[in-house]
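In the working numbering, the protein residues as written are 272 to 454.
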């Protein structure tokens, strides 16, 4: 409780401390008794909610126990087997998704597409996943081309193709370069 008082006093002093040019903040300050009341109400609310959840869980478990007690040994075994099969199917599904996700990441990297988009294409069905990757690639390339075209239009002209001719320098160009470069 002493820690609460210390932290509350610190909070109060921070809230009422003057700011720029002597102005005070407009935050509300609380007395220790108000803070204690707020905390106790919150604790009561949380405790009652936890009690309700506990009672519901107990009632649910009791109902399941009563249902299980009415079943024959064969029915219990069948339910346990069905539950294990369901868990196994869920594990298999997760493994398949993980493997397909890794494959999709490799495919996106090969196509120079950001691998953070993998969640948009991954699927349990490999054929569907490949179809998703192709659709994403087509959309991605279209969007990139559109952005490039827009940027070129804003620039006013397309860049010149300098090709291999720009790399060869003539004697005149060499003399001009020597005059500007100093060692």
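Every residue gets a Cβ at the ideal spot worked out from N, C-alpha and C, and that includes glycine.
Since we're looking at a predicted model, the values are computed, not measured.
*Status (buried if at least 16 other CB within 10 Å, exposed otherwise) for residue 407*: buried
*When burial is assigned at 16 or more other CB atoms within 10 Å of the CB, is residue 392 buried or exposed?*
When all chains shown are included, residue 392 counts as buried.
_Rounding to the nearest angstrom, what Cα-Cα distance links residue 398 and residue 371 in this structure?_
11 Å
*asked:* So, under 8 Å CB-CB, residue 395 and residue 374 are touching, yes? Tell me the CB distance rounded to an integer number of Å.
replied: In fact, because the Cβ distance is near 12 Å, the residues do not count as touching under 8 Å.
_Segment limits, alpha helix (DSSP H) that includes residue 374_ = 344–381
*asked:* So, under 8 Å CB-CB, residue 477 and residue 378 are touching, yes? Tell me the CB distance rounded to an integer number of Å.
replied: Coverage of the chain is limited to positions 272 through 454, which leaves residue 477 absent and any answer about it impossible.
*Taking C-beta to C-beta, are residue 333 and residue 339 nearer than 8 Å?*
no
*So, is residue 384 buried or exposed, given that buried needs 16 or more other C-beta atoms within 10 angstroms?*
Buried, because 16 or more other Cβ atoms sit within 10 Å of the Cβ of residue 384.
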